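Visitor:
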Amino acid sequence: MENIYDKIVEIRKSRQKAVICTIVSTIGSVPRKVGAKMLVMDDSKIFGTIGGGALENEVIQKAMEIILSSKPELVSYNLTKDLGMKCGGSVDIFIEPLSSKNKLYIFGAGHIGKALAKYTENLDFDIYIIDEREKIFDDWFEGSFTKLNTSISDFFSQYTIDENTFIVIVTKGHESDSEVLKACIKSNAAYIGMIGSKRKAAELRKDFVSLGIVTDAEFERTDMPVGLDIKADGPDEIAISIVSKIILEKNNLIEKFKQ
Numbered sequence: 010m011e012n013i014y015d016k017i018v019e020i021r022k023s024r025q026k027a028v029i030c031t032i033v034s035t036i037g038s039v040p041r042k043v044g045a046k047m048l049v050m051d052d053s054k055i056f057g058t059i060g061g062g063a064l065e066n067e068v069i070q071k072a073m074e075i076i077l078s079s080k081p082e083l084v085s086y087n088l089t090k091d092l093g094m095k096c097g098g099s100v101d102i103f104i105e106p107l108s109s110k111n112k113l114y115i116f117g118a119g120h121i122g123k124a125l126a127k128y129t130e131n132l133d134f135d136i137y138i139i140d141e142r143e144k145i146f147d148d149w150f151e152g153s154f155t156k157l158n159t160s161i162s163d164f165f166s167q168y169t170i171d172e173n174t175f176i177v178i179v180t181k182g183h184e185s186d187s188e189v190l191k192a193c194i195k196s197n198a199a200y201i202g203m204i205g206s207k208r209k210a211a212e213l214r215k216d217f218v219s220l221g222i223v224t225d226a227e228f229e230r231t232d233m234p235v236g237l238d239i240k241a242d243g244p245d246e247i248a249i250s251i252v253s254k255i256i257l258e259k260n261n262l263i264e265k266f267k268q
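Going by our numbering, the first residue of the sequence shown is number 10, and it counts up by one from there.
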């Protein structure tokens, strides 16, 4: 029988919006004890129970509001006064959104891509490395990431980009870098970073704007040259500068979300 923790993993993988409702305090006679949990999904389906009846119905309605607001909340109920239940006790329930795991798409499995996989695999990301070159992954180590030996166009036809997606473009050359950027620059990705010099960035911006792909302001979202300026030298240091920037962007988003 599936338990609630297995269900949480399933929901996070599916990226469905949901909240978890946990009884954190009780006084007197109540249907369930402290620690009882219930998941509420954005289609109003539930998994688990906090006691059923009027209490559960009320919490489901509140949970649907929190799914929309994405802000956790502690709610309190006197079961008799507020809900007309016979129990007579009171209960505090903490309702919090289930956060989806961030995705990291690394385009390019060369020296920098390989180093990026090494330095990010223990961070809280679902990591995908994309490269169509034959045998490019033959000497790779096994790790907590997915290697995709596929073309850029095939990847974008099968995988989605959302507000929890971070993209790093470090492919084999300028043309493939440009192809990836063209496919994602107008998405709602949380972060897009691309390898290259300031001169390359200026030339690419000019091309994209003149071709009507994006406006000058829309191109501004691209972090290029990618990474923090730590005077990096070599694939490992460059990868560390990129990972540092990704962490900074991720944490800035978290702070923005809390406001």
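Using N, Cα and C, we set each Cβ at its ideal position, and we do this for glycine too. Remember, predicted model here, so these are calculated numbers, not experimental data.
#1: Is it buried or exposed for residue 254, if we count other Cβ within 10 angstroms and need 16 for buried?
#2: Could you give the distance in angstroms between the alpha-carbon of residue 58 and the alpha-carbon of residue 232?
#3: Are residue 176 and residue 198 close, meaning C-beta to C-beta below 7 angstroms?
#4: On a CA-only basis, which of 205, 200 and 238 is nearest residue 227? Give me that one, please.
#5: Hey, how far is the Cα of residue 106 from the Cα of residue 144?
#6: Which partner residues does residue 100 have in the DSSP bridge list?
#7: In the region 199 to 265, which residue ranges form an unbroken alpha helix (DSSP H) of at least 4 residues, counting only runs that do not cross its ends?
#8: Whose CA, out of 258, 125, 224 and 210, lies closest to the CA of residue 247?
#9: Going by the beta-carbon positions, is the gap between residue 75 and residue 33 smaller than 7 angstroms?
#10: Identify the continuous alpha helix (DSSP H) that holds residue 62 and give its terminal residues.
#11: Is it the case that the region 208 to 222 contacts the region 235 to 249, given that we only count it when at least three CB pairs across the two stretches are under 8 angstroms?
Guide: This is what the structure gives:
#1: So residue 254 counts as buried.
#2: For residue 58 and residue 232, the gap between their C-alpha atoms comes out near 46 angstroms.
#3: A contact, by the Cβ cut-off of 7 angstroms.
#4: Taking residue 227 as reference, the option from 205, 200 and 238 with the minimal CA-CA separation is 200.
#5: In a straight line, the C-alpha of residue 106 is about 42 angstroms away from that of residue 144.
#6: Residue 100 is bridged to 35 and 86.
#7: Within the region 199 to 265, the complete alpha helix (DSSP H) runs of at least 4 residues are 207 to 219 and 225 to 228.
#8: The shortest C-alpha to C-alpha distance from residue 247 to any of 258, 125, 224 and 210 is the one to 125.
#9: Not in contact: residue 75 and residue 33 (Cβ atoms no closer than 7 angstroms).
#10: In this chain, the alpha helix (DSSP H) harbouring residue 62 covers 62 to 78.
#11: At 8 angstroms Cβ cutoff, the stretches do not touch.
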